[in-house]
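Single-structure report; data block below.
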Amino acid sequence: MKQRIGFARWRSDLASGGNRYDDELAVALRALGLDVREYPVPGSWPVPKQQERERLSGLLAAEQDWLIDNIIGSAEPEVISAAVESGRRVTMLIHYFPADDPALSQRVRKRLTATEAQAVEAADTVVVTSSWAADQVAARYGRGDAVVAIPGVAPAELAIGSARAGNPPMLLWLGRLTQTKDPLTFIAALSRLQDFEWTAQLVGSDKVDDDLSREVRERIDQAGLSYRVTVLGQRSGDALASVWAKADLLVHTSRTETYGMVITEALARGIPAIVPAGTGAVEAQGVGESFPPGDADALSAVLHGWLSDPELRQRWRDEAEKLRLQLPTWADTARIVAAALPAGASTVG
1063 MKQRIGFARW RSDLASGGNR YDDELAVALR ALGLDVREYP VPGSWPVPKQ
1113 QERERLSGLL AAEQDWLIDN IIGSAEPEVI SAAVESGRRV TMLIHYFPAD
1163 DPALSQRVRK RLTATEAQAV EAADTVVVTS SWAADQVAAR YGRGDAVVAI
1213 PGVAPAELAI GSARAGNPPM LLWLGRLTQT KDPLTFIAAL SRLQDFEWTA
1263 QLVGSDKVDD DLSREVRERI DQAGLSYRVT VLGQRSGDAL ASVWAKADLL
1313 VHTSRTETYG MVITEALARG IPAIVPAGTG AVEAQGVGES FPPGDADALS
1363 AVLHGWLSDP ELRQRWRDEA EKLRLQLPTW ADTARIVAAA LPAGASTVG
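Taking the numbering used here, the leading residue of the sequence shown gets 1063, the next gets one more, and so forth.
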């Protein structure tokens, strides 16, 4: 008989690393033989409305074993505590820390820090997506037994890049236009590099923060970069594959990052990355360089070094092409999660 587990997860029409992780994990767990029952919980998580809170409260009676995405669980520790006290087994899946979101008010961030601590304490098991995140859970909440299940990555075609085709190098920024992802630092760094030949594309939803999306476009115009910096909005399928194929370097500017699936997705295509130091993104990086988050001067200096040194560009590219053959799969991720689940699922696979 298959081990059955409910999966309470956020649903949004916006692409995100968290939703991707949940999608891929559910598929991979089923491939291992688990009966994964997904329970979409739409709403304004991690700051839900009352009716959304009530929906989650009624949901957990449906299954004995649960995976709960922390964008939901962090906001509702009482629900998790009640479920555990009633004999249900709860595994909390943490792939970001809601209280770190700079778009939220200090009051909300303080509340989320407290509620997530309570939820983490109440859960039977905690699964995180990086060693950095495990260290954070231990430091913030005093729980040192978090299980690390880094995201897998699907094999992908090697990117040709733009420079190899005789065009200026293309710098790719991939993520939603939000304060956390910090596209303004990328634009500010690019404005200092106008003596070099390059192009840049920002790819990701521009529907999350209208004011920031407007400011990104204004900053590009003000810097005189409109002729070589393009804001494409959200892309998927063949359109996204076409962008990847032209990229020579991924530039990841998140103010905070638990892992950064986009970084290993770049590696899978032989594309190196520049990432924010002191975050989980360094763990995903493999090859490239880091810079202090939010420091446009430091990012500009790193980009200057890459643009001005063909040998450095080739070394990074060569190393990325080697590492692309060593990346974890989603089956690897699922095996770790399955082994961490209480009561029975650990025998799967």
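Where is the CB? At the ideal position from N, CA and C, for every residue including glycine. In this text the structure is predicted, and so the values were computed from the model without any measurement.
- Residue environment analysis places residue 1116 among the exposed positions, since fewer than 16 neighbouring C-beta atoms fall within 10 angstroms of its C-beta.
- For the options 1357, 1377 and 1346, the alpha carbon positioned closest to that of residue 1388 is the one of 1346.
- Your pair residue 1328 and residue 1337 does not check out as a contact, with CB atoms roughly 10 Å apart and the cut at 8 Å.
- The DSSP-derived three-state label of residue 1191 is coil.
- About 12 Å separates the Cβ atoms of residue 1325 and residue 1311, ruling out a contact at the 8 Å cut-off.
- In this structure, residue 1142 lies near residue 1185, with their beta-carbon atoms less than 7 Å apart.
- Out of 1112, 1103 and 1098, the CA that lies nearest to the CA of residue 1127 is found in 1098.
- Contact annotation: residue 1320 and residue 1195 have beta-carbon atoms nearer than 7 Å.
- The Cβ atoms of residue 1144 and residue 1152 lie no closer than 7 Å to each other.
- Given a length threshold of 3 residues, each whole run of the beta strand (DSSP E) inside the stretch 1280 to 1324 is given here in chain order: 1291 to 1295 and 1311 to 1313.
- Within a 10 Å sphere around the beta-carbon of residue 1334 sit 16 or more other beta-carbons, which makes this residue buried.
- Per DSSP, reduced to three states, the secondary structure at residue 1079 is helical.
- Assignment of residue 1378 by DSSP, reduced to helix, strand and coil, places it in the helix class.
- Taking 8 Å as the upper bound for CB-CB distance, residue 1199 and residue 1182 are in contact here, some 6 Å apart.
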